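Engineer: Please see the structure below; I have some questions.
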Amino acid sequence: MSKKEEQEKKGAAKPEKKAEKKGEKGVNALYKIEGDNVTRLRPTCERCGPGYFMAKHKDRYTCGHCGFTRYRQVEK
Ligand SMILES: [Zn+2]
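Converting from the sequence shown to the working numbering requires adding 12 to each position, the first position being numbered 1.
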């Protein structure tokens with residue numbers, strides 16, 4: 013009788029599933045670097061200042077920091 017076998021039975025091997033994040037959007041998604049120039053792809057909050065990006069919505073931008081909302085001008 014080996015203790016090792018007992019332990020292996022108890023500790024049923026569970027395959028560890030690592031949740032892979034697909035299309036992970038980090039802060040890098042907000043910048044576009046072209047050579048020496050850094051282009052910001054999102055508008056920044058007027059209240060919070062540069063560094064606080066606003067979330068893009070269908071017809072507006074909102075700041076998750078202060079709640080500031082700026083409506084986009086829809087061109088027709
Ligand atoms: Zn803000």
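Think of the CB as a built atom: it goes at the ideal place given N, C-alpha and C, for glycine as much as any other residue. Only a predicted model underlies this, so the values are computations on that prediction, with no experimental measurement involved.
Taking the C-alpha atoms as reference points, what is the distance between residue 38 and residue 22?
Structural biologist: Each residue's alpha carbon lies about 41 Å from the other.
Engineer: Three-state secondary structure (DSSP) at residue 29?
Structural biologist: Three-state result, residue 29: coil.
Engineer: Quick one, which of 54, 80 and 43 has its alpha-carbon nearest residue 60's?
Structural biologist: For the residues 54, 80 and 43, the minimum Cα distance to residue 60 belongs to 80.
Engineer: Provide the residue span of the beta strand (DSSP E) that contains residue 67, from first to last.
Structural biologist: That run of the beta strand (DSSP E) goes 61-68.
Engineer: Classify residue 75: buried if its beta carbon has 16 or more other beta carbons within 10 angstroms, exposed otherwise.
Structural biologist: With 16 or more Cβ atoms within 10 Å of its Cβ, residue 75 is classed as buried.
Engineer: Between residue 82 and the rest of its own chain, which residues show a CB-CB distance below 6 Å, the 5 nearest in sequence each way excluded?
Structural biologist: So the list reads 73, once near-sequence residues are dropped.
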